[in-house]
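Q: So the protein lines, in turn, are chains H and D. In short: position in the first sequence from 1, add 12, done, that's this note's numbering. In short: position in the second sequence from 1, add 1, done, that's this note's numbering.
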Amino acid sequence: MAQPTVAAPDLAARFPEMVTPDTRKGYSGYIVKAEALLDFAKALKEEFGYDYLSSVTGVDYLPQGLMEVVYHAYKITGGPPLVFKVQVPRDNPVVPSVTSIWPGANFQEREAWDLLGIRFEGHPNLKRILLWEGFWGHPLRKDWREPYYEGEHKPFKSRTAGPHFWHEDHNPFGKNVDYPPGFDPYTWEPETADQILYESVIQRTRKPEQEELHSEQVVVNLGPQHPSTHGVFRMIATLDGETVVALEPVMGYLHRNHEKIGERNTWIMNIPYTDRLDYITAMSNNFGYVLAVEKLMGLEPPERAQYLRVIMAELTRIVNHLWAIGFLLNDLGAFFTPALYAIEERELILDVFEAASGSRMMNNYMRFGGVVRDIPEDAWDMLVKLVHDRLPRKIDELDRFLTHNELIKSRTQGVGVLTPEQAIALSTSGPVLRASGVPYDVRRAEPYGIYDRFDFDVAVRYHGDVYDRYLIRLDEARQSLRILQQAVRDIPERGAPILAGKPQYQVRVPAGEAYGRVEGPKGELGFYVVSTGKANPWRYHVRAPSFINLTALEAMSIGNKVADLVVILGSIDIVLGEVDR
Amino acid sequence: MDTTLLLEWTIKAVILIFILLTGFAYLTLMERKVLARIQVRLGPNRAGPYGLLQPVADGIKLLFKESIIPAKADKVIFVLAPLITVIPALVINAVLPWGRTVTVFGRQVSLYVANINVALLYVMAIASIAVYGVTLAGWSSNNKYALLGGLRSAAQMISYELALGLSLLGPVLLAGSLSLVDIVEAQRRMWYIVYQPLAAVIFFITSVAELNRAPFDLPEAEQELTAGYHTEYSGMKFALFYMAEYVKMITVSALFAVLFLGGYLGPFESQYPWLGPIYLVLKILVGLYVLIWLRATLPRFRYDQLMRLGWKVLFPLALLNVVVTAVIVVLMG
Chain H
13 MAQPTVAAPD LAARFPEMVT PDTRKGYSGY IVKAEALLDF AKALKEEFGY DYLSSVTGVD
73 YLPQGLMEVV YHAYKITGGP PLVFKVQVPR DNPVVPSVTS IWPGANFQER EAWDLLGIRF
133 EGHPNLKRIL LWEGFWGHPL RKDWREPYYE GEHKPFKSRT AGPHFWHEDH NPFGKNVDYP
193 PGFDPYTWEP ETADQILYES VIQRTRKPEQ EELHSEQVVV NLGPQHPSTH GVFRMIATLD
253 GETVVALEPV MGYLHRNHEK IGERNTWIMN IPYTDRLDYI TAMSNNFGYV LAVEKLMGLE
313 PPERAQYLRV IMAELTRIVN HLWAIGFLLN DLGAFFTPAL YAIEERELIL DVFEAASGSR
373 MMNNYMRFGG VVRDIPEDAW DMLVKLVHDR LPRKIDELDR FLTHNELIKS RTQGVGVLTP
433 EQAIALSTSG PVLRASGVPY DVRRAEPYGI YDRFDFDVAV RYHGDVYDRY LIRLDEARQS
493 LRILQQAVRD IPERGAPILA GKPQYQVRVP AGEAYGRVEG PKGELGFYVV STGKANPWRY
553 HVRAPSFINL TALEAMSIGN KVADLVVILG SIDIVLGEVD R
Chain D
2 MDTTLLLEWT IKAVILIFIL LTGFAYLTLM ERKVLARIQV RLGPNRAGPY GLLQPVADGI
62 KLLFKESIIP AKADKVIFVL APLITVIPAL VINAVLPWGR TVTVFGRQVS LYVANINVAL
122 LYVMAIASIA VYGVTLAGWS SNNKYALLGG LRSAAQMISY ELALGLSLLG PVLLAGSLSL
182 VDIVEAQRRM WYIVYQPLAA VIFFITSVAE LNRAPFDLPE AEQELTAGYH TEYSGMKFAL
242 FYMAEYVKMI TVSALFAVLF LGGYLGPFES QYPWLGPIYL VLKILVGLYV LIWLRATLPR
302 FRYDQLMRLG WKVLFPLALL NVVVTAVIVV LMG
């Protein structure tokens with residue numbers, strides 16, 4: 013970008029005594045005092061142009077007695093992140109909320125409160141987001157222990173040495189679960205269930221004065237058991253007639269505390285575990301995670317591995333977009349025909365994945381410094397045919413069948429509009445952001461891997477409605493094909509190394525922090541990892557694109573019909589495995 | 002009225018109901034097979050050869066399902082609603098002519114249960130009753146989805162009934178009779194789809210809407226309302242709703258054939274009256290195939306778009322068609 017980037021010392025000089033560079037070994041960015049956070053954030057956004065807050069998360073530094081909140085802010089015009097942190101004492105962690113400056117921090121701050129117990133002052137709706145009301149404690153704190161606690165980290169001693177036993181016997185059910193004081197799940201019966209369930213929505217939509225025509229607003233609860241919320245997702249919608257006036261997404265029904273398990277695991281154990289985040293785009297999840305850890309380790313994968321990674325990631329994007337388009341049409345009421353046509357192509361791509369990695373969906377294909385094995389020769393021929401012939405043909409076919417259908421147009425054009433300003437402010441990413449007219453693509457904005465070598469366009473559409481979110485997925489699939497065709501042409505000959513160094517079961521990761529992000533099919537997929545030099549990550553955080561894109565759901569939905577709600581949700585394209593983690 | 006005549010009517014009615022129920026069962030199989038072929042799948046092929054026993058298996062399964070009545074439902078209406086839906090669907094078929102008269106055991110037997118002179122009026126009247134079944138089912142379930150589904154279908158069916166009724170007037174004006182037998186006989190020279198293409202299109206669209214089939218299946222829009230008015234129904238009561246829908250599909254296809262495609266008429270039908278029912282069945286199959294085809298390929302309308310289409314497009318067009326037809330009929334003398 014032509015604009016002069018602000019040099020590092022500027023910020024520390026601009027806020028003397030309040031902002032200091034982070035000088036810990038392996039760390040970067042600034043440490044901001046909590047009381048100066050809002051001024052600092054405002055200056056960042058308004059003076060220095062960091063208008064896109066990508067990630068907010070917390071880290072529990074138990075030995076130091078500190079709780080740290082880590083922010084990653086970007087310029088929407090591209091470039092590296094500006095990392096800043098706020099450190100507060102562990103026993104009373106209170107940090108001012110930045111939702112007034114970057115509304116996209118909403119869900120992420122709620123998540124940090126839920127899992128780490130950091131209170132964000134000034135947050136409009138600070139309550140648990142992934143866990144339920146009857147949960148006691150904040151599980152990502154290092155001194156919190158799960159019901160069947162075995163040890164701080166894997167491999168667990170009890171399973172590798174001595175006689176084997178069931179941990180349930182030492183720790184029987186009923187004595188190992190804590191509830192908040194005064195809470196008994198067996199007698200707990202909310203007096204007014206509607207109040208507890210819908211309180212926040214009802215509060216916001218209560219009309220100030222009595223209207224002449226007394227019309228009642230209905231609160232409709234869609235989900236978690238609902239055929240088209242794409243899983244166990246819940247929306248509380250307040251309806252005026254059939255028009256949505258307020259909406260609150262509720263998630264966490266599939267929560268398994270991915271991050272806590274990730275911190276118990278060794279570094280390499282987490283690779284197959286990332287497959288389970290967004291189970292449709294496993295390859296891309298692998299990519300993001302190994303990228304973050306490679307930054308810490310200072311590893312550079314060999315050429316052929318780089319190309320294989322790009323090929324797999326782009327195939328994943330096509331798989332995901334075909335799937336998303338198919339099921340968007342399903343949400344529109346088309347009875348499975350478009351979905352099944354799209355899935356037919358997906359199956360062929362999964363054949364290639366299976367040949368390369370041994371698994372169709374849970375690929376576990378990438379390793380620190382490369383990929384686990386080379387793609388077999390017959391699968392390679394299949395891939396070349398797919399990329400040059402079948403996929404372009406089939407994508408054009410979908411385009412021909414769907415794009416100009418009158419019913420689809422009338423159902424999707426002008427529905428669920430998200431303006432570019434909203435899209436940036438709400439930290440959306442991926443197709444949702446680009447369909448709103450913001451050409452931000454991590455592959456271009458901050459190229460990773462070998463993406464700087466390929467010739468492709470950042471797909472962008474300008475209306476920000478459901479129709480554009482459908483079109484942009486077709487555009488992106490076509491761009492992915494362009495990248496694939498170049499990658500298939502340029503990849504080094506078979507036999508070139510695919511892994512830097514020797515394969516190993518236990519990797520050494522130097523102490524420090526790293527944030528690896530890729531342009532996943534659903535948006536910016538980031539992994540924030542902190543290492544203390546041990547065998548396990550100290551902190552393993554996933555910036556899940558579908559989770560953060562949901563922040564924009566209410567803005568998209570208000571004023572639309574209830575029938576469009578499902579379509580709008582479908583156009584964001586969420587996978588609950590990633591939302592709930 | 003002698004006893005044999007009464008017996009003849011009873012036997013005809015029983016046979017008709019048997020045909021309709023078998024037709025319903027195998028229509029579900031046909032739908033699943035056709036959908037599967039359109040969607041690059043195989044469809045049911047495990048129960049019996051080509052999956053021919055699938056409807057039997059489905060029926061047995063539904064019979065043995067637990068029948069659940071929600072605690073807060075209005076029990077009487079909840080049980081009555083499926084009956085109110087399914088009985089009109091069956092009764093309508095009484096006036097459908099399957100052919101002229103044939104000789105069975107030396108006795109002249111007409112191939113319809115009743116030839117009443119206000120048959121079309123009867124059809125419209127009975128068809129309107131079905132709205133009650135759907136609305137009451139939605140209301141008595143005491144469930145928001147079901148209520149929304151029920152209300153939607155009430156609004157939808159009533160709105161589309163107007164255009165439907167008007168589109169029927171075209172053939173009536175041409176034939177000069179409300180009796181379906183007269184209307185069919187009047188098409189000996191030319192099918193009415195040629196004289197009344199607009200009425201045929203409107204009749205088809207509105208009857209798809211009356212059926213609550215895709216792309217007008219809003220009352221049971223799975224994606225929004227789970228299953229609409231029959232969300233809370235299970236077991237045999239659910240099967241009754243299902244049956245009503247499919248029997249109505251057959252009825253609508255038959256009506257379309259009778260009104261616009263010459264009903265039981267076809268080559269050599271005048272020499273061999275037994276060919277009549279065969280021609281009608283073939284025409285019904287074509288209609289059913291189109292209904293299934295629509296379901297496989299089209300997404301759903303939104304509620305406001307549906308209403309706009311019904312009131313602002315179909316209703317005025319149908320009205321115009323009636324006026325133009327009437328004027329032409331008068332001018333031609």
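Even glycine gets a Cβ: it sits at the ideal position worked out from N, Cα and C. Small disclaimer: the values here were computed from a predicted structure and weren't measured.
For residue 197 of chain D, which residues in the same chain have their Cβ closer than 8 Å to its Cβ, ignoring the five residues on either side in sequence?
A: Closer than 8 Å at Cβ, skipping near neighbours: 171, 172, 175, 261, 322 and 326.
Q: Anyone know if the C-beta pair for residue 275 of chain H and residue 495 of chain H falls short of 8 Å?
A: no
Q: Using the Cα positions of residue 412 of chain H and residue 265 of chain D, report the straight-line distance between them to the nearest angstrom.
A: 40 Å
Q: By the three-class DSSP mapping on this structure, what secondary structure does residue 491 of chain H have?
A: helix
Q: Taking C-beta pairs closer than 7 Å, name the residues in chain D that residue 422 of chain H reaches, listed in chain order.
A: 306
Q: Quick check: the Cα distance between residue 10 of chain D and residue 216 of chain D, rounded to an integer number of angstroms?
A: 38 Å
Q: Taking all protein chains shown into account, do 16 or more other C-beta atoms lie within 10 angstroms of the C-beta of residue 416 of chain H, making it buried, or fewer, making it exposed?
A: exposed
Q: So, is the C-beta of residue 42 of chain D closer than 8 Å to a C-beta in chain H?
A: yes
Q: Please go through the region 464-552 of chain H and give each complete beta strand (DSSP E) segment of 3 or more residues, from N-terminal end onward.
A: 524-532 and 535-543
Q: In the region 332-351 of chain H, which residues sit with their C-beta less than 8 Å from some C-beta in chain D, listed in chain order?
A: 341, 342, 343, 344, 345, 346, 347, 348 and 349
Q: Please identify the residue among H:378, H:405 and H:498 whose C-alpha is closest to the C-alpha of residue 284 of chain H.
A: Comparing Cα-Cα distances from residue 284 of chain H to each of H:378, H:405 and H:498, the minimum goes to H:378.
Q: Determine, using beta carbons only, whether residue 472 of chain H and residue 442 of chain H come nearer to each other than 8 Å.
A: no
Q: According to DSSP, residue 241 of chain H sits in a beta bridge with which residue or residues?
A: DSSP output for residue 241 of chain H lists no bridge partner at all.
Q: From the beta carbon of residue 38 of chain D, is the nearest beta carbon of chain H less than 8 Å away?
A: no
Q: Using the Cα positions of residue 13 of chain H and residue 458 of chain H, report the straight-line distance between them to the nearest angstrom.
A: Since pLDDT at residue 13 of chain H reaches only 35, below the 50 mark, its modelled position is unreliable, and the value read off the structure follows with that caveat. Rounded to whole angstroms, residue 13 of chain H to residue 458 of chain H spans 11 Å at the Cα level.
Q: Assess contact between the region 110-119 of chain D and the region 59-78 of chain D, defined as three or more Cβ pairs (one per stretch) separated by less than 8 Å. Is contact present?
A: no
Q: In terms of DSSP beta bridges, what is residue 72 of chain H paired with?
A: H:79
Q: Relative to chain H, which residues along the region 288-319 of chain D have a C-beta separation below 9 Å, given in chain order?
A: 296, 297, 298, 299, 300, 301, 302, 303, 304, 305 and 306
Q: Cβ of residue 20 of chain H less than 8 Å from any chain D Cβ?
A: Legend: pLDDT at residue 20 of chain H = 48, less than 50; position of this residue unreliable, value from coordinates given subsequently. Output row for residue 20 of chain H: interface = no.
Q: When you compare the CB positions of residue 290 of chain H and residue 589 of chain H, do they come within less than 8 Å of one another, or not?
A: For residue 290 of chain H and residue 589 of chain H, yes; Cβs fall inside 8 Å.
Q: Considering only residues of the same chain and omitting the five flanking positions on each side of residue 388 of chain H, which have a CB-CB separation below 6 Å?
A: Taken in chain order, the residues that qualify are 367.
Q: Would you kindly check if the distance between the Cβ of residue 555 of chain H and the Cβ of residue 537 of chain H is under 8 Å?
A: yes
Q: For the region 492-509 of chain H and the region 2-22 of chain D, state whether three or more C-beta atom pairs, one from each stretch, are separated by less than 8 Å.
A: The region 492-509 of chain H is not in contact with the region 2-22 of chain D.
Q: Which residues in chain D have a C-beta closer than 9 Å to the C-beta of residue 419 of chain H? List them in chain order.
A: For residue 419 of chain H, the residues of chain D that pass the 9 Å Cβ criterion are 216, 299, 300, 301, 302 and 306, in the order they occur in the chain.
Q: Counting pairs of beta carbons, one from the region 132-140 of chain H and one from the region 239-258 of chain H, are three or more of them closer than 8 Å?
A: no
Q: Which partner residues of residue 117 of chain H appear in the DSSP bridge assignment?
A: Residue 117 of chain H pairs with nothing; no bridge assigned.
Q: Can the beta-carbon of residue 42 of chain H be found closer than 8 Å to that of residue 24 of chain H?
A: The answer is yes: Cβ separation under 8 Å.
Q: Among the candidates D:70, D:30, D:69 and D:38, whose CA atom is the shortest distance from the CA of residue 52 of chain D?
A: D:30
Q: Give a yes or no on whether the minimum CB-CB distance between residue 73 of chain D and chain H is below 8 Å.
A: no
Q: Find the nearest neighbour of residue 605 of chain H within the set H:512, H:341 and H:482, judged by alpha-carbon distance.
A: Because chain H in this structure spans residues 13 to 593, residue 605 of chain H falls outside the shown range and cannot be described.
Q: Using a cut-off of 8 Å between C-beta atoms, extract the partners of residue 573 of chain H located in chain D.
A: 303, 304 and 305
Q: Could you have a look at residue 17 of chain D and say whether DSSP puts it in helix, strand or coil?
A: helix
Q: Does any residue of chain H bring its CB to less than 8 Å from the CB of residue 145 of chain D?
A: yes
Q: Using a C-beta to C-beta distance shorter than 9 Å, which residues of chain D count as neighbours of residue 3 of chain H?
A: Since the displayed chain H opens at 13 and closes at 593, residue 3 of chain H lies outside it and no answer follows.
Q: How would you call residue 56 of chain D, buried or exposed, if buried means at least 16 neighbouring beta carbons within 10 angstroms?
A: buried
Q: What does residue 232 of chain H reach in chain D if we use C-beta pairs closer than 7 Å?
A: Using a Cβ-Cβ cut-off of 7 Å, residue 232 of chain H is close to 145 of chain D, given in chain order.
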